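Read through the structure below, which is laid out as structure tokens, and then see the notes.
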Amino acid sequence: MSNALFADSPAKGLVCRNCDATYDLVAQHACWQCFGPLEVDYDLDELAKVTRAQIEAGPQNIWRYAPLLPVGVHPGDRVSLNPGLTPLIDAEHLAKALGMRKLWVKDDSANPTHSFKDRVVSTAVSAAVKLGFDRFACASTGNLANSVAAHAARAGVPSIVFIPSDLEPGKIVQSAIYGGALVAVEGSYDDVNRLCSELTETDDFESTAFVNVNIRPYYAEGSKTLGYEVAEQLGWRLPEQVVVPMASGELLTKIHKAFEESAEIGLTAPGKVRVFGAQSAGCSPIADAFDAGTDVITPVKPTGIAKSLNIGDPAAGPYAIEACRSTGGGMAKVSDDEIRDGVKLLAATTGVFAETAGGVVVATLRKLLEAGSLDPEAETVIYNTGEGLKTLDAVSSLVGPTHTVKPSLKAAKDAGILVS
3 MSNALFADSP AKGLVCRNCD ATYDLVAQHA CWQCFGPLEV DYDLDELAKV
53 TRAQIEAGPQ NIWRYAPLLP VGVHPGDRVS LNPGLTPLID AEHLAKALGM
103 RKLWVKDDSA NPTHSFKDRV VSTAVSAAVK LGFDRFACAS TGNLANSVAA
153 HAARAGVPSI VFIPSDLEPG KIVQSAIYGG ALVAVEGSYD DVNRLCSELT
203 ETDDFESTAF VNVNIRPYYA EGSKTLGYEV AEQLGWRLPE QVVVPMASGE
253 LLTKIHKAFE ESAEIGLTAP GKVRVFGAQS AGCSPIADAF DAGTDVITPV
303 KPTGIAKSLN IGDPAAGPYA IEACRSTGGG MAKVSDDEIR DGVKLLAATT
353 GVFAETAGGV VVATLRKLLE AGSLDPEAET VIYNTGEGLK TLDAVSSLVG
403 PTHTVKPSLK AAKDAGILVS
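Shown next, in the form of structure tokens:
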């Protein structure tokens, strides 16, 4: 019955990333045999039927890629703020500052709730409605809570979102303004996530879709649109290198998956994209494992200003490491001061004001270049996943008026701000 709900989808089921056990398209995120994570398994013959022309004729949002996703082939099945087709910015001045030949910024702060999470939530809640859920929920470091609450408001569905109580004020306000229930938990994101996992097993939450817990396989697939979109915006070709921020590590793995699938089904020419991961030094369990030459993640207690990346026990960490190693990429971690400098440099050279996760990416890009790990001559795309107005506290003490003057021509002239 569950697969019949997705009859027009190219998805044929769920598959375990570890042991390859298969399941129907149900609300399940862990394998019953080995407890490994599940992801959507596709009929590649069906994906191969999708053409560039078909995609280009689609809507001006992520649903142009619906034939490549588990949900959304029919417009009536979509529960969405219609995110996507965000700018791919030619960052020539940032490239010059860093000594690079060609650099692009994929700016996902242009989405409806100003982060890439609108992509994953759109696919997740569309699947949730198909599966019979009537309330939306999540565990979140901020951006996801914003998006789930907004999607629920648009759909007329109740929501309940769970966040660490010490989140940035901007993210708390944005989650609360949509009118759903907002639960601040006295603990880290990992504490919040554990609580939500326990709640999914209770009768009171039986009809609640936790987008990043019980319907996580569908949620994660939304991130692939960031890979498809970049390929399309580059004229249906793959970049040579990308730098992606890492929290759970899932965003990086799905962008990598999208690039591989694009080549495999003929949307782009064959090619390998070198994938690089970026983390804050305050929470770097994936980068630390990569540097140690292992794929065993040692959980950490998160600190630092990049709170949207503060997942101390990242579920997709081993798969992110595998993606970077298999493509000849790498990882790095950066300090809070480097993150702030990254935010300022991106803004000053591209006009993009990124949240702290974007500062992590720019600082990591610079560090990888200095280490010789990333090729300055290769065409590179970096991902900004959120809006700087959400994390003002991180940089507000560093910037302000360059001049303060009285409202007179003489005062302006005395201050040296007039050009003769």
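For the sequence shown, the tail end lands on 422 under this note's numbering, and the numbers increase by one without skipping. Even glycine gets a Cβ: it sits at the ideal position worked out from N, Cα and C. Nothing here was measured: the structure is a model prediction, and the numbers come from that model.
- According to the DSSP secondary-structure assignment, Trp106 is paired through a beta bridge with Asp92, Val383.
- By the beta-carbon neighbour count (other beta carbons within 10 angstroms, threshold 16), Val298 is exposed.
- Judged by DSSP secondary structure, Glu41 falls within the beta strand (DSSP E) whose first and last residues are 40-44.
- Rounded to the nearest whole angstrom, the CA to CA distance from Gly279 to Ala334 is 7 Å.
- Under the three-state reduction of DSSP, Gly361 is assigned to helix.
- Separation of Val363 and Lys173 (C-alpha to C-alpha, rounded to the nearest whole angstrom) is 20 Å.
- Here Met333 is bridged, per DSSP, to Gly279.
- Taken atom to atom, the span from the alpha-carbon of Arg276 to that of Gly331 is near 5 Å.
- Ala317 and Asp92 have their C-alpha atoms spaced approximately 33 Å apart.
- Residue environment for Asp338: buried (at least 16 other C-beta atoms within 10 angstroms of its C-beta).
- In this model, Leu40 and Thr404 are separated by some 52 Å (Cα to Cα).
- Here Arg80 carries a coil assignment [DSSP, helix/strand/coil].
- Beta-bridge partners assigned by DSSP to Leu184: Val163.
- Per DSSP, reduced to three states, the secondary structure at Ala129 is helical.
- Counting only residues of its own chain and dropping the five nearest sequence neighbours on each side, Phe355 has a CB closer than 6 Å to the CB of Ala349, Gly390.
- Pairing Cys285 with Ser410, the inter-Cα distance amounts to about 50 Å.
- Cβ-Cβ distances below 7 Å link Asn214 to Cys140, Ala141, Leu146, Tyr221 in the same chain, with the five nearest sequence neighbours on each side left out; the list follows chain order.
- When the Cα atoms are used, Ser375 and Arg121 turn out to be separated by approximately 30 Å.
- Using a 10 angstroms sphere on the CB of Lys309, the tally of other CB atoms reaches 16 or more, which defines it as buried.
- Residue Val232 holds the alpha-carbon nearest to the alpha-carbon of Tyr67 among Val232, Ser111, Thr300.
- In the three-state reduction of the DSSP assignment, Ala13 falls in the strand class.
- In the displayed model, Glu208 falls within coil according to three-state DSSP, outside both helix and strand.
- In the structure shown, Val244 falls within a strand segment according to DSSP collapsed to helix, strand and coil.
- Separation of the CB atoms of Gly388 and Ser117 is rounded to 4 Å, and the pair is thereby assigned contact status at 8 Å.
- The residue among Ser128, Asp315, Val185, Ser209 with its C-alpha nearest the C-alpha of Ser11 is Ser128.
- From the listed residues Glu379, Ala23, Lys259, Lys274, the smallest Cα separation to Leu105 is found for Glu379.
- The region 75-92 makes no contact with the region 45-60; the number of CB pairs closer than 8 Å stays below 3.
- The beta carbon of Leu169 lies closer than 6 Å to those of Gly144 in the same chain, with the five residues before and after it left out.
- For Ala152, the uninterrupted alpha helix (DSSP H) run begins and ends at 145-157, by DSSP.
- Here Ser117 is bridged, per DSSP, to Gly388.
- For Thr88, the closest C-alpha among the options Leu347, Gln235, Glu242 is that of Gln235.
- Taking C-alpha positions only, Thr204 is separated from Ala130 by approximately 18 Å.
- Pro287 sits buried, since 16 or more C-beta atoms from the chains shown fall within 10 Å of its C-beta.
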